[in-house]
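S.K.: In this text, residue positions in the sequence shown follow the working numbering: the first is 95, and each later residue adds one.
Where a beta carbon is used, it is the ideal one built from N, C-alpha and C, also for glycine.
Model, not experiment: these values are computed from the prediction.
Below is one structure. I have some questions about it.
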Amino acid sequence: MTHPLHDLRLPGPTLVLVDDSDSLALEALHGIEDLPGIEPTVVPLSTLDGPRKGWGSVLVVAADRARLRRMASAVPLLGQCKAVACWLTDAPTPWVLVPRPEWPRLVHLAAREAGDRGVLTVARFASGARAQLVVMEMARQAAGPGDTTHGGLVVSYADRPAAPGIDARSVLLRDAAGAGDADRDVPPDVVVARRGGDVAVHHVIDRAPTVVTDPGPEPVDERVFNPIGFRKDWDHPVVDLSRLVDRSGPGPVTEGVVEAARAFQGVRVPADTPTADLLALAISGVPLVTQGVLDVAPPLAAALDAEVDLDDALRREEHSLAVRRAAFDHHSTLAWRSALASRAGVRHVGLPPVSALLSTKRPDMLDFALRQVARQRGAEVELVLAAHGFEPDRDAVRRALGDRPHQVLTFDGSAFFGDVLTAAARAASSDVLLKVDDDDWYAPDAVHDLLMARRFSGADVVGMPSEFVYLHANAEREALTVRRRHPSELFARFVAGGTLLLDRGLLRSLGDFRRVRKFVDAQLLSGVEAAGGRIYRTHGLGYVLRRTGAGHTWQRNDEEFRRPDIVASEWPGFQPSLALEVDPLDRPDGGS
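As C-alpha cells, this is what we get:
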C-alpha cells in the first residue's frame, strides 16, 4: 500500500515531532523512515528537554486539529528551517495556512489530502523561518478565525501536558515550585499539576500562583469539536461506538469519527468509554445512547440520561441540543478555564455581556417582548428599548425586567428604522449586540446559544434560522405552526433578522445600521458579506417567527411560508419545539 506521504519531499534532515500519547499519529508513522525524499528523525514530545536546532525541515504529526492544538505548548525552540509541514492523520478536511507578515517570503504552500490518511499542510520559505513559531501558528489557525485568547487567565502545567484547547504560550514545568521563579516575567495565575508543592510568592502578581491538582476531567476543545455539520436526518440506525473508532483496535474519537457519526441516527457508547471521547461526541451534538455512570458534570449526565425517541427527528435534535449545551457549559475549554479562575480569584472573560436592541412601534406588543428578554438565562443581557412613535411606561418596563439592566429611548414615529437601531446600538453598554423583534418568541437559552455558537464558530455574525413560523388564523385557514426545511449549524448567507448577533466594532465599521425604512437586516448582512465577514447559522429550535398578515417590515404573503418545497412539518395551532419552553401567558392560543 502506498504511504500517504510518498510524494512529500522535504529538505533534510527532517525533525518529526509527535505526541507520545497520540496512538493514531504514532501508528501512522510506521514506515516513514523508508520514504524517499525524507531523512526523518522521529522525536516524541516527552523526550524533549530543551531546544532542538539544525534541521532542514520540521514535520508535525497529530491525529487531528484538537491534538495539534494541544501539543503546541510542548513544541521547543527548533531554530530556522526552510520547510514546515503538518500531517493530521485522521482529520477529514484540509485547511490553509495564512502566512504571518513577519515570516520570510513564502515560496510554496500546499493544503491537500494525504492519500487515504488525513490531510497535509506544507509551507516552504525562501529563507529560514523560525519553525517553532510556524508550528504554533499552524495550531492557532487550524480551527479557523475566532477567539484564541486565554481570557485573562495565565496557566502553566507541571509534570503533565497542557490541557486541550489552544494555549501555545503556556509554560510546561517540571514541578509546581517553578511557577514562583522570581526571574519569570509572566508568572502563571494557576499551575495545573500532577502533585502539589509549595510555590513562592511572585513579585509580579504579589501572591503565589494557585496550584490545582484536581481540575476534574480534561476539557474538550470546542473550536474543533462542535455542532458544525449536525444533520437533522440520518442514513443509518444507531451504531455502536466501537464500529466507528475501530482501526487496528479501539481508538480515540477524532474529527474523522465525529464526521462519520453524522450519518447515523445515534451512537451507543458503553459505560467504559473514556470521558474525553464521550465529551467530544456530546459537544459535537452527536445523539448518544449511554449506559452506566458517567464521569461528567451532573447537568450533562442528566441530559444524556433523559428518555428520548430517536425515531422522532425533532425530539432527536432537541436531545442533541440539550446535550451539547450542557457539555459546552461544563466541559468546554471556556468553562474549564473559568472554573480555574474562580479558584484562583482571577478575572476571566467567559461569554461576553450582550445588549439586546429592541425597536418597536407597537405598544400592544411591549409586555410580550419584555418577557422574552426577562426570561433569558445563561447570559448577561442588557435591554436597550427604542420606542418608535410612543412613550412607554418606564416603571412598567422596570417591573417587567426586574434586576436586568436596561435603557429606554424614544423616537418620533417618522424616524428611519435604521436610525433608531443605530441610536440604540450607540447607547448600548456591551460590546456584543443582538437585534431582537417585538413579536417573535425566544427560548430562555436563545441568547446563550447564540453566544455559544459565536464561540465555537468564530463567525463575525451569528443568528438562527426562521425555521419555526407561527401563522395566525385568517379567513381561509386556522392558525398553524410551520417548520421549514432550513439547514442549520452551518456557515450561510442568511439568518433571521430577529436573531442577529455581532460585535459593535463590526457594526461601526459598516457605518452602523443603514438609514432605511425597512429591510434593515438585509442591508446589514449584505454589508457583512461584502466585507468578507463570516455568517453562522446555529439551530432554529429556540426561535419562532410570528406572522399576522400585517404590521411587518418584511412584507411577504403568509402562504409563501407554506410552499410544499420548503415545509418539513405543519401542526394546527401553536406547536413550537420543546426547547422554546414557552410561558402559557405568551401562547397566542391563550394557553390551550
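Closest to Leu162 by CA distance: which of Ala397, Asp116, Ala276 and His296 is it?
M.R.: As a first step, residue 162 must be located in the sequence shown, where it is residue number 68. Measuring from the Cα of Leu162, the nearest candidate turns out to be Asp116.
S.K.: Give a yes or no on whether the C-beta atoms belonging to Asp615 and Gly591 are separated by under 8 Å.
M.R.: Mapped onto the sequence shown, residue 615 falls at position 521. Mapped onto the sequence shown, residue 591 falls at position 497. Yes, the pair counts as a contact, with Cβ atoms nearer than the cut-off.
S.K.: Less than 8 Å between C-beta atoms, sequence neighbours within five positions excluded: which residues of the same chain meet that for Val295?
M.R.: Here residue 295 refers to the residue found at position 201 of the sequence shown. Counting only Cβ-Cβ distances below 8 Å, and skipping sequence neighbours, we find Gly274, Arg301 and Ala302.
S.K.: Using the C-alpha atoms, what's the distance from Trp189 back to Asp325?
M.R.: In the sequence shown, residue 325 corresponds to position 231, counting from 1. In the sequence shown, residue 189 corresponds to position 95, counting from 1. According to the sequence shown, residue 325 is Arg rather than Asp. Distance between the alpha carbons of Arg325 and Trp189: 22 Å.
S.K.: Within 10 angstroms of the Cβ of Leu111, are there 16 or more other Cβ atoms? Answer buried if so, exposed if not.
M.R.: By one-based count along the sequence shown, residue 111 stands at place 17. Looking at its Cβ environment, which holds 16 or more other Cβ atoms inside 10 Å, Leu111 is buried.
S.K.: To the nearest angstrom, report how far apart His297 and Leu672 are at their CA atoms.
M.R.: Residue mapping note: residue 297 aligns to position 203 of the sequence shown, counting from 1. Residue mapping note: residue 672 aligns to position 578 of the sequence shown, counting from 1. Taking the straight line joining both Cα atoms gives about 53 Å.
S.K.: For Val563 and Ala435, what's the separation of their Cα atoms in angstroms?
M.R.: Numbered from 1 along the sequence shown, position 469 holds the residue referred to as residue 563. Numbered from 1 along the sequence shown, position 341 holds the residue referred to as residue 435. If I take the Cα positions, the gap works out to 42 Å.
S.K.: Alpha carbon to alpha carbon, how far is Val216 from Thr242? Give it in angstroms, no decimals.
M.R.: Counting from one through the sequence shown, the residue named residue 242 turns up at place 148. Counting from one through the sequence shown, the residue named residue 216 turns up at place 122. One C-alpha to the other measures close to 22 Å.
S.K.: In three-state terms, what does DSSP make of Trp197?
M.R.: What you label residue 197 is simply residue 103 of the sequence shown in a count that begins at 1. It is coil, neither helix nor strand.
S.K.: Considering only residues of the same chain and omitting the five flanking positions on each side of Ala157, which have a CB-CB separation below 6 Å?
M.R.: Looking up residue 157 in the sequence shown gives position 63. The residues are Asp116, Leu118, Ala119, Thr183, Asp184 and Thr348.
S.K.: Please classify Gly512 as buried or exposed, where buried requires at least 16 other C-beta atoms within 10 Å of its C-beta.
M.R.: Translated into positions along the sequence shown, residue 512 becomes position 418. It is buried - the Cβ of Gly512 has at least 16 other Cβ atoms within 10 Å.
S.K.: Are there 16 or more other CB atoms within 10 angstroms of the CB of Arg337, so buried, or fewer, so exposed?
M.R.: Residue 337 sits at position 243 when you count from the first residue of the sequence shown. With fewer than 16 Cβ atoms within 10 Å of its Cβ, Arg337 is classed as exposed.
S.K.: Give the list of continuous alpha helix (DSSP H) stretches no shorter than 4 residues that lie fully inside the segment 484 to 531.
M.R.: Listed in chain order, they are 488 to 495 and 511 to 521.
S.K.: When DSSP labels each residue in this structure, what does Gly557 get in the three-state scheme?
M.R.: Counted from its first residue, the sequence shown places residue 557 at position 463. The answer is strand: DSSP assigns Gly557 an E or B state.
S.K.: Could you tell me the distance, in whole angstroms, from the CA atom of Leu99 to the CA atom of Leu129?
M.R.: As a position in the sequence shown, residue 99 is number 5, starting the count at 1. As a position in the sequence shown, residue 129 is number 35, starting the count at 1. Distance between the alpha carbons of Leu99 and Leu129: 8 Å.
S.K.: Relative to the C-alpha of Lys147, which candidate in Pro170, Arg234 and Ala468 has its C-alpha closest?
M.R.: Here residue 147 is taken as the residue at index 53 of the sequence shown, counted from 1. Considering only alpha carbons, the answer is Pro170.
S.K.: What do you get for His424, buried or exposed, if any count of 16 or more other CB atoms within 10 angstroms of its CB means buried?
M.R.: Sequence index remark: in the sequence shown, residue 424 carries index 330 (1-based). So His424 counts as buried.
S.K.: State the DSSP-derived secondary structure class of Ala271, mapped to helix, strand or coil.
M.R.: Walking along the sequence shown from the start, residue 271 turns up at place 177. Helix, per DSSP.
S.K.: Do the segment 417 to 432 and the segment 251 to 268 make contact, defined as three or more Cβ pairs closer than 8 Å?
M.R.: Touching, per the Cβ criterion.
S.K.: Compute the Euclidean distance between the alpha carbons of Val605 and Leu619, then round it to the nearest angstrom.
M.R.: As a working mapping, residue 605 is identified with position 511 in the sequence shown. As a working mapping, residue 619 is identified with position 525 in the sequence shown. Looking at the sequence shown, residue 605 is not Val but Gly. So the alpha carbons of these two residues sit roughly 13 Å apart.
S.K.: From the DSSP output, read off the bridge partner residues of Pro134.
M.R.: Here residue 134 refers to the residue found at position 40 when the sequence shown is read from its first residue. DSSP, once it has assigned bridges, lists Thr108 as partnering Pro134.
S.K.: Just mark Arg288 as buried or exposed, buried being the case when its beta carbon has 16 or more other beta carbons within 10 Å.
M.R.: Along the sequence shown, read from residue 1 onward, the residue named residue 288 stands at position 194. By the neighbour-count rule (16 or more Cβ atoms within 10 Å), Arg288 is not buried but exposed.
S.K.: Figure out for me which residue from Thr96, His580, Val448 and Trp665 has the closest Cα to the Cα of Leu477.
M.R.: For the purposes of this step, residue 477 is taken as the residue at position 383 of the sequence shown. Closest option to Leu477, Cα to Cα, is Val448.
S.K.: How big is the Cα-Cα spacing for Leu372 and Pro364?
M.R.: One-based indexing of the sequence shown puts residue 372 at position 278. One-based indexing of the sequence shown puts residue 364 at position 270. Their Cα atoms are separated by approximately 10 Å.
S.K.: What would DSSP say about Thr187, mapped onto helix, strand or coil?
M.R.: Reading the sequence shown from its first residue, position 93 is the one you call residue 187. Three-state DSSP puts Thr187 in coil, outside helix and strand.
S.K.: When we look at the beta-carbon of Ser342 and count the other beta-carbons within 10 Å, is it buried (16 or more) or exposed?
M.R.: Within the sequence shown, residue 342 is the residue found at index 248, counting from 1. Legend: pLDDT at Ser342 = 49, less than 50; position of this residue unreliable, value from coordinates given subsequently. Under this definition Ser342 is an exposed residue.
S.K.: Does the Cβ of Trp665 have 16 or more other Cβ atoms within 10 Å, making it buried, or fewer, making it exposed?
M.R.: Counting from one through the sequence shown, the residue named residue 665 turns up at place 571. By the neighbour-count rule (16 or more Cβ atoms within 10 Å), Trp665 is not buried but exposed.
S.K.: What runs of the alpha helix (DSSP H), each 4 residues or longer, lie entirely inside the segment 627 to 676?
M.R.: With a minimum length of 4 residues, no continuous alpha helix (DSSP H) run stays inside the segment 627 to 676.
S.K.: Within the continuous alpha helix (DSSP H) that includes Val417, where are the two ends?
M.R.: For the purposes of this step, residue 417 is identified with residue 323 of the sequence shown, where counting begins at 1. Taken as a continuous stretch (DSSP letters only), the alpha helix (DSSP H) holding Val417 covers Ala407 to His425.
S.K.: Report the three-state DSSP secondary structure of His97 (helix, strand or coil).
M.R.: To locate residue 97, count along the sequence shown from 1; it is residue 3. Coil.
S.K.: Quick one: does the C-beta of Ala468 sit closer than 7 Å to a heavy atom of the ligand FAD?
M.R.: Absence of the ligand FAD from the depicted structure is noted, as is the absence of any ligand whatsoever, leaving it without description.
S.K.: Have a look at Val229 and Gly173 and give me their C-alpha separation to the nearest angstrom.
M.R.: Along the sequence shown, read from residue 1 onward, the residue named residue 229 stands at position 135. Along the sequence shown, read from residue 1 onward, the residue named residue 173 stands at position 79. So the alpha carbons of these two residues sit roughly 12 Å apart.
S.K.: Give the secondary structure of Asp461 by DSSP, where H, G and I count as helix, E and B as strand, and everything else as coil.
M.R.: Counting from 1 along the sequence shown, the entry for residue 461 is found at position 367. Asp461 falls in the helix class under three-state DSSP.
S.K.: Please confirm whether His566 and Pro682 have their CB atoms less than 8 Å apart.
M.R.: Here residue 566 refers to the residue found at position 472 when the sequence shown is read from its first residue. Here residue 682 refers to the residue found at position 588 when the sequence shown is read from its first residue. The answer is yes: Cβ separation under 8 Å.
S.K.: Do you know offhand how far Pro198's Cα is from Gln226's?
M.R.: In the sequence shown, the residue the question calls residue 198 occupies position 104. In the sequence shown, the residue the question calls residue 226 occupies position 132. Near 14 Å, if we compare the C-alpha coordinates of Gln226 and Pro198.
S.K.: Roughly how many angstroms separate the alpha carbons of Ser151 and Asp315, rounded to a whole number?
M.R.: Within the sequence shown, the letter at position 57 stands for residue 151. Within the sequence shown, the letter at position 221 stands for residue 315. The alpha-carbon atoms of Ser151 and Asp315 are separated by roughly 28 Å.
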